[in-house]
Amino acid sequence: MVDKEKKKKLLDLFRSKLDKPMQYYLETCSRCGLCKDACFAYASIPKLEYIPSWRAEVVRRIYKRYFKWSGKLFPYWGEATEIDDEVMKQLYEAAYTCTGCRRCMMYCPFGIDTQAIQSIAKLLLIGNQSEPEVLSMLADASVEKGKSLDLFKESFIQGIRNLEKDVIAKWKGESNQIIPLDVEGANIIYVALAGAHSIVPTASIFNVAKENWTLSFFEAVNFGAFVGDPTKTQLIAKRIIDEAIRLKVKEVVICECGTAFRVMKNLVGKQPFKVSHIAEVVARYLREGRIRVEKDRIKGLITYHDPCQSARNGGVIEEPRYVISQLTSHFVEMTPNREYNWCCGGGAGLVALENEDFREKTGKIKVEQIKTTGASIVSTGCENCHTQLGFLSERYHSGVKVEFLTNMVANSLILGS
Amino acid sequence: MLYTAILIFIIGIILLLIRIGLAPTPKAITLRVYPEKRYKLLAMLSDIFLLPGVTRKKYLSYWVFFGLFHIAIFFLFLGHIELIADIKVIQLVKHKIFLGKGLMGLLLIVSLFFFLFRRFRSPYRELSVPEDFILILGLLVTAFFGSHLNLATLYSSHGFDIPLEAYRTYLGSIIRFRPTIPDEISGSPHQVILVMHILLANIFFIYFPFSKVTHSILTFFSNAVKRR
Numbered sequence: 018m019v020d021k022e023k024k025k026k027l028l029d030l031f032r033s034k035l036d037k038p039m040q041y042y043l044e045t046c047s048r049c050g051l052c053k054d055a056c057f058a059y060a061s062i063p064k065l066e067y068i069p070s071w072r073a074e075v076v077r078r079i080y081k082r083y084f085k086w087s088g089k090l091f092p093y094w095g096e097a098t099e100i101d102d103e104v105m106k107q108l109y110e111a112a113y114t115c116t117g118c119r120r121c122m123m124y125c126p127f128g129i130d131t132q133a134i135q136s137i138a139k140l141l142l143i144g145n146q147s148e149p150e151v152l153s154m155l156a157d158a159s160v161e162k163g164k165s166l167d168l169f170k171e172s173f174i175q176g177i178r179n180l181e182k183d184v185i186a187k188w189k190g191e192s193n194q195i196i197p198l199d200v201e202g203a204n205i206i207y208v209a210l211a212g213a214h215s216i217v218p219t220a221s222i223f224n225v226a227k228e229n230w231t232l233s234f235f236e237a238v239n240f241g242a243f244v245g246d247p248t249k250t251q252l253i254a255k256r257i258i259d260e261a262i263r264l265k266v267k268e269v270v271i272c273e274c275g276t277a278f279r280v281m282k283n284l285v286g287k288q289p290f291k292v293s294h295i296a297e298v299v300a301r302y303l304r305e306g307r308i309r310v311e312k313d314r315i316k317g318l319i320t321y322h323d324p325c326q327s328a329r330n331g332g333v334i335e336e337p338r339y340v341i342s343q344l345t346s347h348f349v350e351m352t353p354n355r356e357y358n359w360c361c362g363g364g365a366g367l368v369a370l371e372n373e374d375f376r377e378k379t380g381k382i383k384v385e386q387i388k389t390t391g392a393s394i395v396s397t398g399c400e401n402c403h404t405q406l407g408f409l410s411e412r413y414h415s416g417v418k419v420e421f422l423t424n425m426v427a428n429s430l431i432l433g434s
Numbered sequence: 019m020l021y022t023a024i025l026i027f028i029i030g031i032i033l034l035l036i037r038i039g040l041a042p043t044p045k046a047i048t049l050r051v052y053p054e055k056r057y058k059l060l061a062m063l064s065d066i067f068l069l070p071g072v073t074r075k076k077y078l079s080y081w082v083f084f085g086l087f088h089i090a091i092f093f094l095f096l097g098h099i100e101l102i103a104d105i106k107v108i109q110l111v112k113h114k115i116f117l118g119k120g121l122m123g124l125l126l127i128v129s130l131f132f133f134l135f136r137r138f139r140s141p142y143r144e145l146s147v148p149e150d151f152i153l154i155l156g157l158l159v160t161a162f163f164g165s166h167l168n169l170a171t172l173y174s175s176h177g178f179d180i181p182l183e184a185y186r187t188y189l190g191s192i193i194r195f196r197p198t199i200p201d202e203i204s205g206s207p208h209q210v211i212l213v214m215h216i217l218l219a220n221i222f223f224i225y226f227p228f229s230k231v232t233h234s235i236l237t238f239f240s241n242a243v244k245r246r
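As they're listed, the protein sequences go chains A and B. Following this note's numbering from start to finish, the first sequence increments by one per residue and tops out at 434. Following this note's numbering from start to finish, the second sequence increments by one per residue and tops out at 246.
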């Protein structure tokens, strides 16, 4: 129930988001609807609620009602709305059916960033305590890990040591530290996800490249960004920033997680180190001859899915293609691709929510796009995309195998000098 | 009323820009979309004036009418400037005022009808709010009156009874803050059309800073964020 006190709190939260770009976005929309076909959800299920300008309008109507004279004096003029339970439901529907892929931004005549506007919706939902609990809990756990690393450190180190035999199996090398931790002065700190799939292949690549690297104690994924909590987003990123500064590393390399990469590269301010996506580093190693791969060791026609956060929103577009060009002679592009690629529908933490029916139905456009390529393998560089594409492959019985780029590289490595 | 309208227009725009200018700058290094363009300004201007995202087959008619609408607005703006005084640069291509021999007003009207009828269709109808319809209708009526005045001057077989000099006297007196209405206007049986045209234009000016039409200014900022 949104009472008077809560309304005041929600409006304070709304106000806290009104920076310059946000005001451009909230003031500018003319509701032309040209964004509608840009949204993967609307393209798959043509429902008003999935049109980007509608999603934004749900937020904008609150803005008009409380922050604009025209909305205060003549609310019917622009259908300005009060904050109430019904509006909170609309905000949830708008925010948690949007992956924040920003494809609509490519088609909007004013370049309106729907993801930015949805960040208001998400913050209001947090203020109303109606955000998806699981995302908040995961964000809290990440923040807590940052506060009390010593509690987790030993078990983390033990887990990493258990993984080392897998790295040796791939790399077949010998070193005192297969997966180095806490290396001061390392060139690279690699920030992985919680899972062997994110660590083992990359560790093999780093070791073959004879890189002076270290693994971060923290996972890259930023649930604070998914749930739309700016404070938690900062705190989660800060753990990694502090670690990188403490170890005096030159470069922070983010694993195959689009949101984690964009947050660290573009959204949390300027840092005293370089931020790279792992695909950029692998491409660099290949260009410099620090690693070599056997072409066509991987059989089958391969296509590449540009993750929205690392490609359109992070600029990692050509490097993955270069890497794939070294791995196979059988590559086919999706259409559209690069900055115009369709979102898979798994971003912004949607894969972590109980929404399988929604994700299956709205993934239709992606499934058709992949099917048209005729590829048997879809490679990608994002955990959310990998999960969603795998889910779609299973639900639509398309028989397409989904592969991480780093895994494909690790499996194709030529070992020995 | 004209002075009040212009004052509200200017103050409203200034206050809007001050409000946005005083808003905090985000912590983000960039909010752009990629790939990063080498010539950011050109990319931004292309986004604003050419709508590259709209040149899809499905939206070709929108793209055409969008272009016609804004071209017509631009030429009509020049025409109104010429109603105040002779501008040599504009007269480099010799023409009767307005440029386009009445075509620009008609293009504006046709484009506005396109935008109006488009909003009658789903899902644009559901996306629209009353402001969207009222703005289009207001502009349509203003354009109807203005176009009538222009077309009558250019093509009426008996000539139109408000000469160019009368407009210049009237608008010049306004600029000098000594408004006088020449006899050719006050005595004309068509003065009601002119009064209605000016009245609606005044209302538009007053409403402008509070409306979505501010997109004509803010689009430069929002598209800059997209490319910067």
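Even glycine gets a Cβ: it sits at the ideal position worked out from N, Cα and C.
- Beta-bridge partners assigned by DSSP to Val310 (chain A): A:Leu430.
- In the DSSP assignment, the residues bridged to Tyr207 (chain A) are A:Leu232 and A:Val270.
- Each residue's CA atom was taken as its position, placing Ser47 (chain A) and Glu268 (chain A) some 43 angstroms apart.
- One thing to note: Gln135 (chain A) has its Cβ within 8 angstroms of the Cβ of Ala112 (chain A).
- Every alpha helix (DSSP H) of 4 residues or more that sits fully in the region 351-386 of chain A is shown, in chain order, as 373-379.
- Sixteen is the threshold: when 16 or more other Cβ atoms of the shown chains lie within 10 Å of the Cβ of Asn283 (chain A), as they do, the residue is buried.
- By the CB criterion at 8 angstroms, Phe234 (chain A) and Phe290 (chain A) fall outside the cutoff.
- Counting C-beta pairs closer than 8 angstroms gives fewer than three between the region 63-70 of chain A and the region 139-155 of chain A, which falls short of the contact rule.
- In the pairwise beta carbon analysis, the region 369-380 of chain A is classified as not touching the region 345-355 of chain A: fewer than three pairs are separated by under 8 angstroms.
- With contacts defined as CB atoms closer than 8 angstroms, Gly332 (chain A) and Cys361 (chain A) fail to qualify as a contacting pair.
- Secondary structure of Lys287 (chain A) (DSSP, three-state): coil.
- Its chain contains His215, Leu218, Ala219 and Phe222 as the residues whose beta carbon lies nearer than 7 angstroms to that of Thr160 (chain B), once the 5 sequence neighbours on both sides are disregarded; these appear in chain order.
- The continuous beta strand (DSSP E) containing Glu420 (chain A) extends over residues Lys418 to Phe421.
- The alpha helix (DSSP H) runs lying completely inside the region 152-236 of chain B and spanning 4 residues or more are 182-193, 201-204 and 209-225, given in chain order.
- Taken through DSSP and simplified to helix, strand or coil, Ser147 (chain A) comes out as coil.
- With contacts defined as CB atoms closer than 8 angstroms, Val217 (chain A) and Val270 (chain A) fail to qualify as a contacting pair.
- Contact between Ile91 (chain B) and Glu100 (chain B) does not hold, since their C-beta atoms are separated by about 15 angstroms, which reaches or exceeds 8 angstroms.
- At a C-beta separation below 9 angstroms, Val107 (chain B) has no neighbours in chain A, since its nearest C-beta there lies roughly 29 angstroms away.
- Nearest Cα to Thr320 (chain A) within the set A:Thr345, A:Tyr42 and A:Leu166: A:Thr345.
- Boundaries of the beta strand (DSSP E) harbouring Thr320 (chain A): Ile319 to His322, taken from the DSSP string.
- Collapsing the DSSP output to three states places His414 (chain A) in coil.
- Judged by DSSP secondary structure, Ile28 (chain B) falls outside any beta strand (DSSP E) and instead within the alpha helix (DSSP H) spanning Leu20 to Leu40.
- Under the three-state reduction of DSSP output, Thr43 (chain B) falls in the coil class, being neither helix nor strand.
- For Ile257 (chain A), the enclosing alpha helix (DSSP H) has its first and last residue at Pro247 to Leu264.
- As the crow flies, the alpha-carbon of Ile143 (chain A) is around 13 angstroms from that of Phe240 (chain A).
- Secondary structure at Thr397 (chain A): strand, using DSSP grouped into helix, strand and coil.
- Rounded to whole angstroms, the gap between the alpha carbons of Thr48 (chain B) and Phe195 (chain B) is 47 angstroms.
- Secondary structure at Val111 (chain B): coil, using DSSP grouped into helix, strand and coil.
- In this structure the region 102-110 of chain A does not lie against the region 46-63 of chain B, because fewer than three pairs of beta carbons, one per stretch, are closer than 8 angstroms.
- In the structure shown, Leu198 (chain A) adopts extended strand secondary structure according to DSSP, grouped into three states.
- For chain B, the residues of the region 96-126 of chain A that bring a beta carbon within less than 8 angstroms of one of its beta carbons are Glu96, Arg119, Met122, Met123, Tyr124, Cys125 and Pro126, in chain order.
- Residue contact with chain A for Gly205 (chain B): absent (no Cβ-Cβ distance below 8 angstroms to any residue of chain A).
- Chain-order list of chain A residues neighbouring Gly71 (chain B): Leu51, Ala55, Met123, Tyr124, Cys125 and Pro126, by C-beta distance under 8 angstroms.
- Judged by their CB atoms, Ile66 (chain B) and Thr237 (chain B) are nearer to each other than the 8 angstroms cut-off.
- The Cβ-Cβ distance between Leu65 (chain A) and Val225 (chain A) does not fall below 8 angstroms.
- Take the alpha-carbon of Leu406 (chain A) and the one of Ala300 (chain A): they are about 24 angstroms apart.
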